[in-house]
Amino acid sequence: MRGKKGVRHPNPDDPPRRRANKRRGHGNFANDRPPVVGVVSRDTGAIVLEVVERTDQETLIAFVTEHTDDGATVYTDEWSGYARLSAEGRGHATVNHTPGQREWARDDDGDGIREVHDNTLEGLWAALRTFLRPFRGISKHYLHQYVAVFQWAYNKVGVAGMVRTLLGLPLSTPTAS
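For the sequence shown, position 173 matches number 173 in the UniProt record's numbering, and the numbering has no gaps at all.
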């Protein structure tokens with residue numbers, strides 16, 4: 001009676017195929033949930049993504065300081081891993097995603113523009129998952145290659161328009177009437 005609920009698999013040496021890791025919370029490379037960290041430039045829209053072993057404070061601070069300029073303002077959520085950013089010469093503003101205190105964007109200077117948010121990067125994670133979905137079951141050892149392709153493609157989007165502008169070509173071709 002294979003396939004019935006509650007009936008144990010007859011051969012423990014040949015277990016049924018493993019399903020996806022559905023545990024919630026922060027993952028790490030060792031527990032088969034390798035984290036991807038990233039930064040997005042608000043000026044250029046360029047992104048830098050990297051697969052890391054774990055998301056502890058040391059790893060996050062090293063990544064952010066390597067890929068941002070001194071004096072840059074970094075916008076994050078309230079997670080404690082980012083707490084030392086101010087000490088590393090970066091401005092740091094947070095939004096609070098804690099249940100009951102949900103805050104997605106905030107206007108700190110009163111000009112009506114909600115400049116404190118991490119929505120750009122949150123949307124980027126959704127785009128990365130959408131990009132990875134068709135590949136179904138990527139090995140964690142090759143994830144960095146898929147992430148690099150995504151980063152390259154994301155950063156390349158504006159290049160065609162810049163090249164056309166430099167060559168003096170129209171940005172779009174005229175339609176036939």
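Just so you know, even glycine gets a beta-carbon here, dropped at the ideal spot from N, CA and C. All values derive from a computational prediction rather than experimental measurement.
**Report entry** Spatial neighbours of residue 103 in its chain, beta-carbon cut-off 8 Å, leaving aside the 5 residues before and after
**Finding:** 95, 96 and 97
Report task. Report yes if the C-beta distance between residue 157 and residue 36 is below 8 Å; otherwise report no. Result -> no
Report task. Quick one: give me the first and last residue of the alpha helix (DSSP H) that residue 62 is part of. Result -> 57 to 67
Query raised in the report: If residue 73 and residue 91 are in contact, beta carbons under 8 Å, what's the gap, nearest whole angstrom?
Result: 4 Å between Cβ atoms; contact.
Query - Three-state secondary structure assigned by DSSP to residue 73 - result: strand
Query raised in the report: Is residue 94 helix, strand or coil by DSSP?
Result: strand
Requested in this report: Whole angstroms is fine: what's the gap from residue 129's alpha carbon to residue 27's?
Outcome: Rounded to whole angstroms, residue 129 and residue 27 show a C-alpha spacing of 15 Å.
Query raised in the report: Just to confirm, are residue 67 and residue 40 a CB contact at a threshold of 8 Å?
Result: no
Requested in this report: Could you tell me whether the stretch 109 to 117 touches the stretch 129 to 143, using the rule of 3 or more Cβ pairs below 8 Å?
Outcome: no
Query - Closest by C-alpha distance to residue 101, when choosing among 77, 87, 121 and 139 - result: 77
Query raised in the report: beta strand (DSSP E) containing residue 36: first to last residue?
Result: 36 to 40
Query raised in the report: Does the Cβ of residue 81 have 16 or more other Cβ atoms within 10 Å, making it buried, or fewer, making it exposed?
Result: Buried: at least 16 other Cβ atoms inside 10 Å.
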